[in-house]
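Scroll down for the structure; my scribbles are underneath it.
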Amino acid sequence: MGLLHIVFGEAAIPVMTEAISMDEKMQGELLCFDDDLSVGPLFILDTKEGQANRRQWWQQISATSSQPQLQPELLPETPATETATAPAVEEASGDADTLKTLKTSLKEDPELEVWIWAGQNARDVCGYYWLVSQLYDFAGRIHIIYLNNLPFLNEKGAVFYPTHLHQILPKEFLKAKKLARAISLAEFELDGDEWHRLMNENAGIRMLEGGKKIKGEPTLFYDKELLAQTGKEFVKAWRVVQQVTGKLKYPVLDLFLGWRLKELVKEGKVESKGDLKTIRDFEVKLPGETNTENPVTE
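Counted the way full-length UniProt numbering counts, the sequence shown spans residues 1 to 298.
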C-alpha cells in the first residue's frame, strides 16, 4: 500500500519530511498546497473565472510589479531557521496543478492512501474543506489527522498545545499518526457542503472558532487593530504588523496585514513615508503633526 501525505503551507514541510523518514510505516510522498485559503476571495473558486479572480487578488496584495513574490519575512508560520518563502502568486495559484497530480496518482494506483495533516488553524481547516470537496470519488482512501486541541511535548519536554504543524517536533508525529482515520461518506458530503458555503459567503477573512467551525469576517476586520497600534510618531510598518499579530490567538499572514495597512494609507486614515512595497520599506503614523524632536522609527 502506498502512502501520500498532504500539508498546507511550506512551513510544515521540514518537520513532516523528517517525521516521515523516522518511521518506515509513514514512508511516502509529501504534497504541499501553498495557497492560504483563510484569506481573500473564494467565490466560484471551482471555476477558471474564480481562480483567475483569486490570482488577481494575490497580485494586488503582493504590491508592485517589481515585487511579484511574497517576501520571506512575511510568513509568520515559518521558523526563523528556515529559508522557505511564502508562495509566489504563481505557486499559490498552482494548487490546481498539484490537485491534478494528486488525482492522477490516486487513479493510477488503487492501493494509494492519502493522509491529510491539519493543525488547529484556519489555513489548514479551509484547505481541508477545499480538498475534501474535490476527492469524493476516492472516499475510503482519504484519511484525516486533525491535531485539534491535542497536547504535545516541546524540546524541553514540557506539554503544550500547538496550533500549527511546524511547531511540533518530528518525533511527536510518530504518536500522532495513530489518529489517522478514513473520512466517512457523511463527512465528504457535509464538509463538501461547508466548502460551498464558504465559497458563496466569500468573506474577506475566515477564522477558526474551534473544532472545524469557520466564521467569515469582512476584509477590514483587523483595520481597527492596525490603527490602534499606529501612534502619532512614524514607526516601521513591520513593527505595527508584529504588534497586531502578537495579540492574536492565531497568526494572520503578515502580507495580508501589510496590504491592509497600505489600504489605510490610500484611504487617508494613516500617513506614510518610504516606498509602499513590503512592510520593511515604509513607516506609518496617524494623521497629524509629528514630534520632530524625538522621532520613533524602530
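Don't be surprised by glycine CBs; every beta carbon is placed ideally from N, CA and C.
- For a cut-off of 8 Å, the C-beta gap from residue 237 to residue 189 is around 44 Å, too long to register as a contact.
- When secondary structure is reduced to three states using DSSP, residue 55 falls in the helix class.
- Three or more pairs of CB atoms, one per stretch, sit closer than 8 Å, so the segment 34–44 contacts the segment 203–210.
- In the structure shown, residue 43 adopts coil according to DSSP, grouped into three states.
- Cα atoms of residue 94 and residue 34: separation of roughly 8 Å, rounded to the nearest angstrom.
- Listed in chain order, the alpha helix (DSSP H) elements of length 4 or more contained wholly in the segment 79–156 are 89–92, 95–108, 122–134.
- The alpha-carbon of residue 138 is positioned some 48 Å away from that of residue 228.
- The secondary-structure analysis by DSSP pairs residue 206 across a beta bridge with 216.
- Here DSSP, grouped into helix, strand and coil, assigns residue 280 to coil.
- Segment contact: the segment 172–181 against the segment 19–34, three or more CB-CB distances shorter than 8 Å; contact assigned.
- Of the candidates 140, 157, 9, 9 places its Cα closest to the Cα of residue 123.
- Burial of residue 118 is indicated by the presence of at least 16 other C-beta atoms within 10 angstroms of its C-beta.
- Contact between residue 240 and residue 220 fails: their C-beta atoms lie close to 16 Å from each other, not under 8 Å.
- In this structure, the CA atom of residue 265 is about 11 Å from the CA atom of residue 258.
- Under the three-pair Cβ rule at 8 Å, the segment 107–121 counts as touching the segment 144–152.
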